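One structure is given here, and the rest of the page talks about it.
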Amino acid sequence: IDPKECARIFFREAVVLMNMARPFAFMEHNDRVIQNLHAQEARERKFGLAPNEEMQVDYLMSVAPDVCSIRTLKTFILEHTDAALRFDPNYFIEQSHRGVEYHDSFQNKIQWPSKNQKQEIPTLTEKGTSIEFFRIAGESVQGELVFNASQNNDGLSLKIPHTLIPSLSPAFLALQLSRWRHWMLEAMIRELPKVNRKSVKNQFEEIDDHFCVKLEQHPNASPFLALYEALAEMKGLDDIHLNLNPEKEHHLRLHLSFFREGYLEEKKVELSPEWGSFRFFKEIRSLISSFGVDVNLGDFRYGYRLHENALMMPEESDFWQQRLRKIEKGACQQSVMLIMNRLAFIENAGLYSNENPLPHKDEVFKTLVTEPFEPDELDRFSHLHFSRSKKVNDFKALQEQTKPEQEIIRLILNRMTFESGLLGKEAFVRCYETLKRFCENTRGNRPVDPVFKKKVLAFPEISSQYNRLKYIEDWLESGNSFSLVEDPMDLIQWKSIRESFRPYFVARYIKEDEQIKMRHLLSALEKEMKSSNDYFEIWLEVQLLLEEFEYFKFKRSILFESDALEVEKSSIVKLKGRFGKL
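Counted from 1, the sequence shown has number 287 at position 278 by our numbering; the numbering is strictly sequential.
So this is what it looks like as structure tokens:
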């Protein structure tokens with residue numbers, strides 16, 4: 010047998026392809042170097058950085074000329090160490106910068122010098138970046154691609170306008186950005202055993218399709234969780250266990266920068282594919298107040314509501330967002346004095362009060378001044394309206410001549426008119442005219458319509474501000490379609506949340522401190538009143554923990570696949586005796 014041919018076969022089959030029962034440490038190092046170079050090729054869209062199998066064999070034969078078997082390889086390592094056998098990624102990159110590319114034909118291949126020889130290393134130019142535009146939710150977003158694994162912003166950086174924030178979630182971004190999704194798949198393939206990589210690469214498009222389906226089915230889940238679930242349902246890939254780490258591979262994270270025109274504040278977020286929608290919300294929560302937006306939070310939305318932020322149903326959140334956008338357009342100056350005068354007129358007349366808080370006059374004023382009012386609109390009440398009887402110049406005089414029931418109806422109508430200002434000009438004008446007609450009928454001793462009376466008296470019983478506004482709209486249209494929009498806090502059921510945690514009470518991949526935290530949060534959620542301000546914060550912490558546990562089920566389960574071992578108590582005592590001092 011030709012010794013050189015024997016050495017070539019050994020290095021190709023045993024060392025490069027790692028067909029060996031117990032691979033040497035340098036072989037695993039070399040495999041990681043080659044995979045990282047392939048990943049860099051994909052990110053930079055530049056091929057030729059990673060040498061193929063033949064070039065690797067040529068290099069190993071040049072640094073270890075007398076090796077042709079495992080026995081001779083062990084002898085070489087004992088005498089010279091394995092330093093010369095370990096690949097240096099910088100050397101391959103330098104060769105590519107010199108203009109050398111690697112091909113299948115090696116008739117004119119380059120001469121690989123020994124790593125022990127001193128060589129002049131050229132100064133590398135700084136890797137450049139490229140600016141691209143990406144389509145996200147119908148908007149064009151500027152992105153910057155950085156191809157330098159040593160930099161923290163390696164990968165994709167995006168400048169996100171505030172108008173996109175309501176539609177964003179990690180799963181949604183993974184669906185929209187195919188490049189980011191493919192980087193996750195490539196990182197997954199690099200983590201696989203070498204014997205499985207080729208077959209999995211051939212299924213790349215199929216895996217990506219399943220990945221997208223899972224992202225659509227679970228819009229609040231983390232992208233990595235959707236990827237693990239997609240693999241678990243594919244034949245031949247269900248036994249694959251991954252341990253991807255975005256903290257070490259910067260290009261697996263999205264580098265997001267949120268901005269709004271006219272605002273100096275700019276929020277930067279390193280979005281990890283391990284995050285679900287609740288963790289993403291936690292990172293961008295400060296933007297909700299700064300930019301006046303709302304975001305998805307499970308089945309609900311969290312965002313602006315008058316002078317506060319709150320958890321709401323999507324329908325209610327849409328209403329407050331539309332009102333806020335209207336206010337941001339600015340005030341109509343010709344309406345300012347008229348609106349200030351009429352609101353003061355109604356406020357001085359007295360408003361029905363109960364435990365339901367009244368909206369602040371400034372909020373009503375800001376809504377109404379966005380639309381123009383004619384000077385002859387909203388005429389003040391005067392004694393002219395009551396000329397057939399004793400003149401009434403103010404509400405106090407009217408009160409003296411009205412029955413208690415009529416007075417209650419008038420106070421409720423005052424409040425309905427005042428609150429209708431949050432709906433805009435049309436609803437406010439119609440309520441104002443209704444109030445004026447009621448006062449005229451009262452002064453003329455005309456009976457109150459029973460249907461009208463019943464509807465007005467039902468108004469104070471509605472606790473939610475949004476539901477009261479919906480009621481006013483339905484009342485003005487003389488309709489019967491009004492239905493309450495439920496408070497999300499009333500829909501949160503402690504028992505169903507506890508049931509979601511049931512598998513994790515005995516899960517071996519949940520650490521002891523995590524189980525203690527889980528029990529503490531569930532207990533606190535059960536004891537807290539739903540009307541308390543702290544209830545939402547505790548519920549949010551519970552959802553964040555549940556999101557982590559769902560991901561741990563895949564990330565940590567490989568460490569606990571074997572059946573639990575029954576250990577005798579005496580054996581534990583013996584171990585404590587031996588290792589307790591350590």
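Every residue, glycine too, gets a C-beta built ideally from N, C-alpha and C.
From a predicted model like this one, the values you see are computed outputs, not experimental measurements.
Would you identify the three-state DSSP class for residue i, choosing helix, strand or coil?
i	result
Gln151	strand
Ala340	coil
Val25	helix
Glu380	coil
Ile18	helix
Arg332	helix
Arg446	helix
Leu145	Reading off the sequence, residue 145 comes out as Ile, not Leu. Residue state, collapsed to three classes: strand.
Asp327	helix
Leu177	coil
Arg389	coil
Ser362	coil
Glu195	helix
Thr90	coil
Leu584	helix
Glu559	helix
Glu486	coil
Leu69	helix
Arg31	coil
Ile481	helix
Val460	helix
Ser579	helix
Asn350	helix
Cys77	coil
Arg397	Note that Arg397 has pLDDT 44, beneath the 50 cutoff, so the model's placement of it is unreliable and no number is given.
Pro12	helix
Phe96	coil
Leu186	coil
His219	helix
Ile471	coil
Ala48	helix
Give me whichever residues DSSP pairs with residue i in a beta bridge.
i	result
Thr138	Val155
Tyr311	Val304 and Leu320
Gly430	Per DSSP, none; premise fails for Gly430.
Leu165	Leu154 and Leu263
Pro413	Paired residue(s): none; Pro413 is not in a bridge.
Pro170	Phe268
Out of the options, state which residue places its alpha-carbon closest to the alpha-carbon of residue i.
i	options	result
Arg17	Pro60, Lys464, Asp67 and His47	Asp67
Leu554	Met527, Lys564 and Ser579	Met527
Ile336	Phe309, Gly430 and Tyr311	Gly430
Ala180	Arg424, Gly301, Ala358 and Cys221	Cys221
Arg144	Asn162, Leu167 and Asn161	Leu167
Leu82	Arg446, Gly307 and Ala34	Ala34
Pro12	Tyr480, Asn489, Met349 and Val76	Val76
Asn39	Lys276, Glu50, Phe19 and Leu69	Leu69
Val460	Lys479, Trp484 and Arg452	Trp484
Asn365	Gln474, Phe142 and Lys479	Gln474
Glu557	Asp543, Leu584 and Tyr518	Tyr518
Asp543	Leu320, Pro232 and Phe101	Leu320
Pro413	Cys440, Glu386, Thr451 and Glu383	Thr451
Ile216	Ser231, Glu238, Glu482 and Leu534	Glu238
Ala183	Thr90, Gly285, Ile102 and His89	Gly285
Met322	His219, Tyr480, Asp499 and Ser472	Asp499
Leu419	Leu234, Lys203, Ile355 and Pro381	Looking at the sequence provided, one finds Arg at residue 419 rather than Leu. Nearest of Leu234, Lys203, Ile355 and Pro381 to Arg419, Cα basis: Ile355.
Glu37	Leu201, Val150 and Gln185	Leu201
Arg41	Asp97, Val72, Glu148 and Phe20	Asp97
Lys562	Thr90, Ala516, Ser509 and Ser176	Ala516
Leu315	Cys341, Glu275, His369 and Leu273	His369
Gln502	Met538, Leu273, Asn476 and Tyr311	Met538
Please determine whether the Cβ atom of residue i lies at a distance below 7 Å from any heavy atom of the ligand NAP.
i	result
Met527	No copy of the ligand NAP occurs in the structure displayed, which carries no ligand at all.
Q.
Three or more C-beta pairs under 8 Å: does that hold for the stretch 167 to 181 against the stretch 256 to 271?
A. yes
Q.
My parser needs the alpha helix (DSSP H) runs of 4 or more residues fully inside the stretch 227 to 308; what are they?
A. 232 to 241 and 286 to 300
(Q) Using a Cβ distance threshold of 8 Å, determine whether the stretch 458 to 471 contacts the stretch 276 to 290, with at least three qualifying pairs required. (A) no
Q: Inspect the CB distances between the stretch 235 to 248 and the stretch 295 to 305 and report whether three or more fall short of 8 Å.
A: no
Q: Only counting runs of 3 or more residues, tell me where the beta strand (DSSP E) segments fall wholly within the stretch 488 to 546, in order along the chain.
A: none
Q: Check whether the stretch 369 to 380 touches the stretch 419 to 433, taking contact to mean three or more Cβ pairs, one atom from each stretch, closer than 8 Å.
A: yes
Q. Do the stretch 322 to 333 and the stretch 343 to 359 meet, that is, are 3 or more Cβ pairs less than 8 Å apart?
A. no
Q. Does the stretch 301 to 321 come close enough to the stretch 204 to 221 that 3 or more CB-CB pairs lie under 8 Å?
A. no
Q | Segment contact flag, the stretch 257 to 264 with the stretch 191 to 201, C-beta cutoff 8 Å, min 3 pairs | A | yes
Q.
Quick test of the definition: if touching needs 3 or more C-beta pairs under 8 Å, does the stretch 156 to 163 touch the stretch 226 to 242?
A. no
Q: Evaluate the contact criterion for the stretch 415 to 425 versus the stretch 349 to 361: three or more CB pairs, one atom per stretch, below 8 Å.
A: yes
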